[in-house]
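In this text, residue positions in the sequence shown follow this note's numbering: the first is -10, and each later residue adds one.
Working notes, structure below.
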Amino acid sequence: MEENIICNCMSVSEHEIVHAIEKQDAVTLQDIEDITGAMSGCGSCTEEVEDILQRELEK
Ligand code: FES
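Structure, rendered in structure tokens:
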């Protein structure tokens, strides 16, 4: 999977976020933040992370 960086502050890729959802049972934005560190900087990536979360949960 290509390394599409979603959270620049913490260098968290889309792959890491999807992995957190699929393999580490993340179901909320807080879970993703706890697991990956995404969104714990400036917070501007929150909307994009939320889109990925919605998309993955609907699978
Ligand atoms: S880009 Fe994710 S916290 Fe800043």
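Beta carbons: idealized from backbone N, C-alpha and C, even for Gly.
All figures in this text were calculated on a predicted structure; none of them were measured in a lab.
Q | VAL16, DSSP secondary structure in three states | A | It is coil, neither helix nor strand.
Q. Considering only residues of the same chain and omitting the five flanking positions on each side of ILE10, which have a CB-CB separation below 6 Å?
A. GLU45
Q. In whole angstroms, what is the alpha-carbon distance linking ILE6 and LYS48?
A. 15 Å
Q. Where does THR17 land, buried or exposed, given buried means 16+ other C-beta within 10 angstroms?
A. exposed
Q: Using the Cα positions of VAL1 and THR25, report the straight-line distance between them to the nearest angstrom.
A: 7 Å
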